[in-house]
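Peer 1: As you go down the protein sequences, you meet chains B and S in turn. Taken in order, the first sequence gives residues 1 to 427; the numbers are from this note's numbering. Taken in order, the second sequence gives residues 428 to 788; the numbers are from this note's numbering.
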Amino acid sequence: MPHPRCQIADHTLSRRRMLGALAGTAGGLACGGLLQPTFAKELQKSDKQMLLVWLDGGMSQLESWDPKPGTQFGGPYRSIPTSLPGVHLSELMPRLAKQMHRFSLVRSMRTEDPNHSSGVGKILRGHPKNRGVEYPFMGSAVAKLLGPTKSGLPPYVWVKPGNGGFISKHAGFLGAKYGAFALGNGKPPKNLVRLDSITVEDDLARNALREKFNRRYAKRHPPNNSEAHSYVYDVAQTLMKHSDLFDEATLSDRDRDRYGRTDLGKHTLLGRRLIEAGVRFVQVQSYGWDTHGDNFNAHASRVPKVDQALSALLEDLDERGLSERVLVVVMCEFGRTPRINGSVGRDHWPNAWSLAMTGCGIRPGTVIGETNADGTDIVGERYDIGALFHTWYHAIGIDPTTTEFMNGTQPLPIAHDEMQPIRELLS
Amino acid sequence: MFKTETKTPQQVLATQADRQVATARFHPNGELLVTGGYDGSLRRWRIEKEALTETEPIAGHNGWIERIVFHPDSATDILVSSDSWGRLMVCHPSAENSESGQRLWKHDTAHDGRIHSLTLSADGEQIITAGQDRYVRVWETKTGKRIHDLNDHDSEVMAAAMHPHGKSVVAGDVLGVVKEWDLQSRKCVRDLDLSRMHFYDRDQDVAGLKHLRFLDDGATLVAAGMDPKRTGNVNGIPSLHFLDWKTGAIRESLVVGDNATGFVFDFERLDDGSFLIVTSGTPGNGRVLWRHPDEDEFRFEFKKLSNCHALAMHPDRHRFFVSATNRNSQGNGAVRDKETGAYLGNTSPLHLFELPEEQVQ
């Protein structure tokens, strides 16, 4: 039975198939969503990348980044010291505690929406003002702002449990082309590899025929429609050249063990490989964090998987020199109530929650903001997700005060125009 | 006092603890009720005339106190308690002084982290603990000496008990693997399958097992909790499984609710073989249940309480105590005190019930 405050639909996202989704949204493609050309050219030079670990449903800040042991709302677990003097994490995060000096926390997040259905969108869109348009999710926005890397791989790849496909609705007004290329269960799209029964020559001939039809189609339709259709085929062809990314035989046992042989572990390892291969924005998703019941046993099961996968990722990015140009963010749509409910769970809490980040010019070992002694309120300045979008855009080399999206002829700010980056986080 | 002539259990007292109560037990002398909860203190309630009167709590714990147990001999006046930070403590609960003068001994790190299970041997001379660190440990009650250190589980150990013959310990983990340990050799001699009490989905293991307890002089092992069906907003089928100790197989299962009913958090078997059970589910569901395994119907199904977590049987076997949670304990908003604006936590209404006289003859 779903929680009365959560409907089933709140916990699911569209899984429309790639081409179906494109066909269904073709009408929206004509809106454009082009960057102002002067900025676009400049931005192409950037080689910054981003990896978002999204814990869907809402991880408890009290069982992770902002523990309050020994208080009324602190729960059963202890806190442990970290490599950063004076900073403690939950005992469920022993590996990350040893790496606290590598990343940064914001413990003073206050956002507006306690509902999954609308909260996910607001956080992942940076909650800009309502301007009558649907803003893109962060992955689509970065895909548009920075474009693909030279690898030719899709700029926005979403590694998730469940089904995959091309999720165009993430793109909002930018148009379907900037949607998420979702790898369901970390697997490539079905039928990606050319069948043995089709020769290379036949395959080339078929593609040539398809391109001819596409050109004919493009003459009679708005350009973005055909662009998006062609894009999907181009992406598929590029992915075919990188099929080793999905070949489990290329994974070392050591890496599998380090990241953990869980969905999150496997998907974070794939995320690292996708970043190394040149994907601009990777979103690694974990579902099921909506712990209204049995919250503490749930976090005892879940948080160590985040701890393991994320600490391995941080080590690897650092070891490979990638942390200088890859921004890693770990967040969810809100935190969980300090009050422990009758089902030994915690409910939805956007009032005072935490998120973490590292790399790409984020000053490591920085802890921004604090909550009061028992974790019920923020002490001092509080931050909305809009300020974090400003911060992250700065980190990946985009000035959100001068860069705009173009929705047709309508210029739109890329982040909430009344907010500022958190300067203490930027080197 | 409290005698009634009715056919069903009657609620004879109700009071309120200002913090949530996770466990409760009566002193064998029948005069003292001790509760443990989310405030890290052992709270003492004296049953006087027609009221529960709280006296000074016993300090010394941290985090949550989820398990307490009395030595069966009332003359020893020994209470064993454990907390979620790994502390195991033995004290004289009737002592007036709440400071360390009443404490026999304590181990600050009896386990590394949360102690999920605390039971005594049949004679009360040994303590069996198990927890987050995957260890099962046996201690001497009066001295605190560690006698056995058993570690072969692949996940947190949720429940443990010593067989009445005292030669083996049984322990069940998150994955529903129940191990029998031979205490002479300190080796695991067999695994029993309670995998139906484990559910894995979306990177979450749900542990359905809350209690293991021997009945019938050790011929039957009861596993109580839930057969989980869903993660996150956890739910499943609340059940008691009766295992034949000789074969290790589940002989019978007593299903006591549906997906919303939640976990069997606590239970007690009465002399006629019937069970008193409390459950806590979501949202706001909780039951006080009375059921005999051979009967199709519940003798008593009390739905007026919300999220019941503890059941304590009085030594007179006539009265029992239930801790619940205040109604409307769930929800996303911030509940604040109207006058001070302070953010409010949940509380535990405490209820004393009385069984009908003829049912306990």
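For each residue, glycine too, the CB sits at the ideal point set by N, CA and C. No experiment lies behind these values; they were computed from the predicted model shown.
(1) Give the range of the alpha helix (DSSP H) segment to which ILE385(B) is assigned.
(2) Provide the residue(s) that pair with CYS615(S) in DSSP beta bridges, ordered along the chain.
(3) Hey, VAL649(S) and LEU636(S) are a contact pair by Cβ (cut 8 Å); roughly how many whole angstroms apart?
(4) Quick one: measure Cβ to Cβ for ALA73(B) and ASP374(B), integer angstroms, because I've assumed they're closer than 8 Å.
(5) Answer with yes or no whether the minimum CB distance from TYR259(B) to chain S is below 7 Å.
(6) Determine the closest residue to HIS416(B) out of THR409(B), GLU424(B), TYR383(B), GLY408(B), with distance taken between C-alpha atoms.
(7) Between THR767(S) and chain B, is the shortest Cβ-Cβ distance under 7 Å, so that the two count as touching?
(8) Just to check my reading of the structure: MET93(B) and SER60(B) have Cβ atoms closer than 8 Å, yes? What is that Cβ distance to the nearest angstrom?
(9) Taking the alpha carbon of LEU716(S) as the point to measure from, which residue in GLY684(S), VAL563(S), ARG746(S), ALA478(S) has its own alpha carbon closest?
(10) Under three-state DSSP, which class holds THR337(B)?
(11) Can you tell me where the alpha helix (DSSP H) holding PHE173(B) begins and where it ends?
(12) Compare the C-beta of THR433(S) with all C-beta atoms of chain B and state if any pair is closer than 7 Å.
(13) Going along the chain, which residues of its own chain have a beta-carbon closer than 6 Å to the beta-carbon of ALA739(S), five neighbours each way excluded?
(14) What ranges does the beta strand (DSSP E) occupy inside the stretch 462-514 of chain S, keeping only unbroken runs of at least 3 residues that lie completely in it?
(15) When the Cα atoms are used, what is the spatial distance from ALA687(S) to ARG346(B)?
(16) Measure the alpha-carbon distance for ALA737(S) versus THR482(S) and round it to whole angstroms.
(17) Rounded to the nearest angstrom, how far is the Cβ of GLU493(S) from that of LEU440(S), given a contact under 8 Å?
(18) Alpha carbon to alpha carbon, how far is VAL461(S) from ILE495(S)? Give it in angstroms, no decimals.
(19) Assuming the contact rule is C-beta atoms closer than 8 Å, ASN753(S) and THR767(S) should be a hit. Round their C-beta distance to whole Å, please.
(20) Between MET624(S) and VAL584(S), what straight-line distance do the alpha-carbon atoms span, to the nearest angstrom?
(21) Here's the rule: buried if 16 or more other CB atoms are within 10 angstroms of the residue's CB, otherwise exposed. What is GLN285(B)?
(22) Output needed in chain order: residues of the stretch 446-473 of chain S with a Cβ under 9 Å from some Cβ in chain B.
(23) Should the stretch 381-400 of chain B be called in touch with the stretch 356-367 of chain B, which here means at least 3 C-beta pairs below 8 Å?
(24) Closest to ASP671(S) by CA distance: which of ARG744(S), MET516(S), ALA651(S), ALA646(S) is it?
(25) Since GLN72(B) meets chain S, which of its residues come closer than 8 Å, beta carbon to beta carbon?
(26) Against chain B, which members of the stretch 731-755 of chain S pass a CB distance test of less than 7 Å?
(27) In chain S, which residues lie less than 9 Å from LEU264(B) when you measure between Cβ atoms?
(28) Are the beta-carbon atoms belonging to GLY365(B) and TRP353(B) less than 7 Å from one another?
(29) I'd like to know if HIS292(B) contacts chain S, where contact means its C-beta is closer than 7 Å to some C-beta of that chain.
(30) Could you please tell me which residues of the stretch 316-347 of chain B, in chain order, have their CB closer than 8 Å to any CB of chain S?
(31) Output, in chain order, the set of chain B residues within a Cβ distance shorter than 8 Å of GLN559(S).
(32) Do THR658(S) and ARG629(S) come within 7 Å of each other at the CB atom, strictly closer than that value?
(33) Check whether chain S comes within 7 Å of THR376(B), counting only Cβ atoms and requiring the distance to be less than that.
(34) Taking 7 Å as the cut-off, decide whether the C-beta atoms of PRO350(B) and PRO114(B) are in contact.
(35) For a quick check, are the C-beta atoms of VAL53(B) and VAL330(B) less than 7 Å apart?
(36) Going by Cα to Cα distance, which pick from SER750(S), ARG746(S), LEU771(S) is closest to GLY758(S)?
Peer 2: So, from the listed chains and residues:
(1) From DSSP, the alpha helix (DSSP H) with ILE385(B) extends over 385-395.
(2) TRP608(S)
(3) With a Cβ gap of about 11 Å, VAL649(S) and LEU636(S) do not count as contacting.
(4) With the sequence shown as reference, residue 73(B) is identified as Phe, and Ala is not the correct amino acid for it. At roughly 5 Å, the Cβ-Cβ gap stays under 8 Å, so PHE73(B) and ASP374(B) are in contact.
(5) No, TYR259(B) lies away from the interface with chain S (no Cβ there is under 7 Å from its Cβ).
(6) Nearest option by C-alpha distance: TYR383(B).
(7) no
(8) Contact doesn't hold; Cβ gap of about 12 Å is too wide.
(9) GLY684(S)
(10) Reduced to three states, the DSSP call for THR337(B) is coil.
(11) That residue, PHE173(B), is in no alpha helix (DSSP H); it is neither H nor E in DSSP.
(12) Confidence is the limiting factor: at THR433(S) the pLDDT is only 47, short of 50, which leaves the residue's position unreliable and the question unanswerable from this model.
(13) ALA451, ARG452, PHE453, PHE748
(14) 469-475, 478-485, 494-497, 506-509
(15) 17 Å
(16) 20 Å
(17) Not really, about 24 Å apart at Cβ, beyond 8 Å.
(18) 8 Å
(19) With 8 Å as the limit, ASN753(S) and THR767(S) do not qualify as a contact, their Cβ atoms being about 18 Å apart.
(20) 13 Å
(21) buried
(22) ARG446, GLN447, ALA449, TYR465, ASP466, GLY467
(23) Because the criterion of three Cβ pairs below 8 Å is met, the stretch 381-400 of chain B and the stretch 356-367 of chain B touch.
(24) ALA646(S)
(25) Chain S residues near GLN72(B): ARG446, TYR465, ASP466, GLY772.
(26) SER733, ASN734, THR752
(27) ASP630
(28) No, these two residues do not count as a Cβ contact at 7 Å.
(29) yes
(30) THR337, PRO338, ARG339, ILE340, ASN341, GLY342, SER343, VAL344, GLY345, ASP347
(31) ALA300
(32) yes
(33) Output row for THR376(B): interface = yes.
(34) yes
(35) yes
(36) LEU771(S)
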